[in-house]
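Residue numbers (our numbering): 4 to 142. Don't be surprised by glycine CBs; every beta carbon is placed ideally from N, CA and C. Since the structure is predicted, the reported quantities are computational estimates derived from the model, not experimental observations. First comes the structure, then the notes that go with it.
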């Protein structure tokens, strides 16, 4: 069993990394599977062999919805479920694109920033957002 004494929990460790500009995912040493959201034990097996690894930052829109608001209230925005290249899905927003142009399967990449909207607005906690990416941009 891995000792966790004196270490931040998995959610705190994830947020600390975001504030350092790093997008990390947990990966099981025994199965090789990635998981998200952060947790103490691997889903399916219950193994406590999760390690942090840098995420590629690339994925595609798996599902999304557009929330309609009046322009004076900030205008329309999306809530998207992004399937990461590593496998897990992340609930997020896709920024830098007109919500009406989003589509299932659209390639996106992660962008870490302190949001200027929603409950994190005006705060200090960084979040993972995504932006559209063209095939030529990916290296």
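Have a look at the DSSP bridge pairing and note the partners of residue i.
| i | result |
| --- | --- |
| residue 37 | 30 |
Locate the beta strand (DSSP E) running through residue i, then write down its first and last residues.
| i | result |
| --- | --- |
| residue 133 | 130 to 135 |
Should residue i be listed as close to the ligand FAD, given that the test is whether its C-beta is under 6 Å from any heavy atom?
| i | result |
| --- | --- |
| residue 10 | Ligands displayed in this structure: none; no statement on the ligand FAD is therefore possible. |
For the alpha helix (DSSP H) that residue i lies in, which residues bound it at each end?
| i | result |
| --- | --- |
| residue 14 | 13 to 22 |
Comparing alpha-carbon positions, which option in the options lies nearest residue i?
| i | options | result |
| --- | --- | --- |
| residue 15 | 50, 30, 34 and 42 | 42 |
| residue 97 | 125, 90, 70 and 128 | 70 |
| residue 55 | 100, 40, 113 and 67 | 40 |
| residue 63 | 86, 52, 92 and 29 | 86 |
| residue 124 | 51, 77, 57 and 105 | 77 |
| residue 27 | 88, 101 and 51 | 88 |
| residue 94 | 36, 53, 131 and 108 | 131 |
Sorted by chain position, which residues of the same chain lie with C-beta nearer than 8 Å to residue i's C-beta, five sequence neighbours on each side aside?
| i | result |
| --- | --- |
| residue 48 | 31, 33 and 34 |
| residue 129 | 18, 21, 22, 24, 115, 116 and 117 |
| residue 103 | 69 and 79 |
| residue 92 | 39, 65, 84, 85 and 86 |
| residue 44 | 50, 51 and 53 |
Cutting at 7 Å between CB atoms, please list the residues of its own chain near residue i, excluding the five before and the five after it.
| i | result |
| --- | --- |
| residue 46 | 38 |
| residue 112 | 60, 61, 133, 134 and 136 |
| residue 126 | 117 |
For residue i, I'd like the list of residues in its chain whose CB is within less than 6 Å of its CB, leaving aside the five on either flank, ordered along the chain.
| i | result |
| --- | --- |
| residue 12 | none |
| residue 82 | 68 |
| residue 90 | 37 |
| residue 2 | In the structure as shown, the chain starts at 4 and stops at 142, and residue 2 therefore has no counterpart that could be examined. |
| residue 100 | 135 |
- Go through the stretch 51 to 132 residue by residue and report every complete run of the beta strand (DSSP E) that reaches 3 residues or more, in order. Correct list: 53 to 57, 61 to 70, 80 to 87, 92 to 95 and 110 to 116.
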